[in-house]
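Trainee: Mapping to full-length UniProt numbering: the sequence shown position 194 is 194, numbers consecutive. One structure, as structure tokens, below. Some questions next.
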Amino acid sequence: MKLAFVSDSLSVMPLNELLDNAARMGVHGVEINTCGFSTAPHFDLDGMLGNSQAQKEFRAEFAARELEIVSFNANGNPLHPASTAHSDKLKDTIRVAGEMGIRTVCAMSGLPAGNATDTMPNWVVASWPPETQTMLKYQWEEKLIPYWTDIAEFAREHGVERIALEMFANQCVYNTPSLLKLREAVGPVIGANLDPSHLFWMGADPLMIPEALGEAIHHVHAKDTLLNAPVQATTSLLETGSLTDIPARSWSYVTLGIGHGEEWWRQFCYRLKMAGYDGWVSIEHEDVLLNSLEGLEKSVSLLRNVMPEAAADFQLQDI
């Protein structure tokens, strides 16, 4: 496996300073945010599209520090019923990825409205009343599957081999069954960006998910979640409070090791290996209580202690 981090983890820094810190910390690459839910402070998507000189200069900054561009990240809602902006930028990201030889684009499945006349996304997380099933049928059959069938073909045409969808809240694809359902409908271009942080607060066990996904894992994010037991006890894990008010929330995104200790991350990495995954593990630091560089450094240190990097070489002796 190779260690990286998401560029927005150090969104306060200019690109050259970010890359200097990446090289100093000993990571192998950086995942670049391009659009969507990010302001993309390190990447001018419009300026890069079709601009071979700008692309060459961008790559040179990485090469000078012996770093790789891990993937492009276009997380957003490409199925928003009132705007095509995220979808348009996702396609532009795929175009630039093809031009630059980047084979993996991270994204989210998107969330449409519950019917053709609604203007707001509608996340269905219950089985009843009966209209929930009507909404799900509309979202999957009329929006999600047709959209991603087209995007998968668009990706293939542009040389992008993997669309790694993050299983995230307020998206049609938010857990293992929904990811595999879309992959079965669309094809193996679609896979998972496995980020345990969201799965913690949704009640799943991320240690079991690598085996369940297997070869459908296209990419991995390392982000931790603190489950705040005193608050959870009275409010549940259904949380709509401000992301910046950690003491008041039942769960929050935190620096690796704060929500789940080193032993948990050691087993997670090993279970990825057991499932056949030997790709990138990309830290996404979103802890609002810590300095971003300090938190990222702590996360890198933890993963370097537990993540297998070298290829296995054990062989049974012929005795």
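Positions of the beta carbon are idealized from the N, C-alpha and C atoms, including for glycine. Bear in mind that the values here come from a model prediction, so they are computed numbers and not experimental data.
1. Cβ of proline 177 within 9 Å of Cβ of tyrosine 138?
2. Can at least three beta-carbon pairs, one atom from the stretch 250-257 and one from the stretch 187-194, be found at a separation below 8 Å?
3. What ranges does the alpha helix (DSSP H) occupy inside the stretch 173-246, keeping only unbroken runs of at least 4 residues that lie completely in it?
4. If contacts are defined as beta-carbon pairs under 8 Å, then tryptophan 128 and cysteine 172 qualify, I think. What distance do you get, rounded to the angstrom?
5. Give the DSSP bridge partners of isoleucine 163, in chain order.
6. For the pair the stretch 94-106 and the stretch 72-83, tell me if three or more CB-CB distances fall below 8 Å.
7. If you draw a straight line from the C-alpha of proline 196 to the C-alpha of glycine 98, how long is it?
8. Starting from lysine 2, trace the beta strand (DSSP E) both ways and give me its first and last residue.
9. Please report the residue range of the beta strand (DSSP E) in which glycine 29 lies.
10. Could you say which of Ala311, Leu213, His80 and Ala155 lies nearest to proline 121 if we only look at CA atoms?
11. In chain order, what residues of the same chain lie with their CB nearer than 8 Å to the CB of leucine 199, ignoring the 5 residues before and after it?
12. Could you check how far apart the C-beta atoms of serine 9 and glutamate 284 are, in whole angstroms? I think they sit under 8 Å.
13. Do isoleucine 163 and isoleucine 151 have their C-beta atoms closer together than 9 Å?
14. Check for me: the beta strand (DSSP E) holding isoleucine 283 runs from which residue to which?
15. For phenylalanine 154, which residues from the same chain have a beta carbon less than 8 Å from its beta carbon, with the 5 sequence-adjacent residues on both sides left out?
16. Give the secondary structure of phenylalanine 37 by DSSP, where H, G and I count as helix, E and B as strand, and everything else as coil.
17. Please check the pair valine 125 and methionine 135, which I expect to be a contact at CB under 8 Å, by giving their CB distance rounded to whole angstroms.
18. Isoleucine 69 by DSSP, collapsed to three states: which one?
19. Is the beta carbon of tryptophan 280 closer than 9 Å to that of valine 12?
20. From the DSSP output, which residues share a beta bridge with tryptophan 251?
21. Just the Cα atoms here: how many angstroms apart are tyrosine 253 and proline 230?
22. Which of the three DSSP states is assigned to glutamate 128 in this structure?
23. Hey, quick one: how far does the alpha helix (DSSP H) through leucine 303 stretch, first residue to last?
24. Alpha carbon to alpha carbon, what distance is there between alanine 40 and glutamate 31?
25. Kindly indicate which three-state DSSP category asparagine 21 falls into: helix, strand or coil?
26. In angstroms, rounded to a whole number, what distance separates the CA positions of alanine 311 and methionine 1?
27. Tell me whether lysine 56 is buried or exposed, calling it buried when 16 or more other Cβ atoms sit within 10 Å of its Cβ.
28. Where asparagine 305 and arginine 266 are concerned, what is the direct C-alpha to C-alpha distance, given to the nearest angstrom?
29. Rounded to the nearest angstrom, what separates glutamate 161 and glycine 114 at their Cα positions?
30. Would you tell me roughly how many angstroms separate the C-alpha atoms of threonine 104 and leucine 165, rounded to the nearest one?
31. Going by C-alpha to C-alpha distance, which of Met48, Asp88 and Arg24 sits closest to alanine 64?
32. Assuming alanine 82 and threonine 119 make a contact with CB atoms under 8 Å, what is their CB distance in whole Å?
33. Can you give the beta carbon distance from alanine 60 to histidine 28, rounded, assuming they're within the 8 Å contact cut?
34. Out of Ser52, Gly47 and Leu67, point me to the one whose CA is closest to serine 7's CA.
Mentor: On the basis of the data shown:
1. no
2. no
3. 176-186, 196-201, 209-213 and 229-235
4. About 19 Å separates the two Cβ atoms, so there is no contact after all.
5. Val105 and Ile190
6. yes
7. 28 Å
8. 2-6
9. 29-33
10. His80
11. Met167, Asn175, Asp205, Pro206 and Ile209
12. 6 Å
13. yes
14. 280-283
15. Lys91 and Ile94
16. coil
17. About 11 Å separates the two Cβ atoms, so there is no contact after all.
18. strand
19. no
20. Leu227
21. 17 Å
22. What sits at residue 128 in the sequence shown is tryptophan, not glutamate. It is coil, neither helix nor strand.
23. 292-306
24. 11 Å
25. helix
26. 8 Å
27. exposed
28. 8 Å
29. 31 Å
30. 10 Å
31. Arg24
32. 5 Å
33. Not a contact, Cβ separation roughly 17 Å.
34. Leu67
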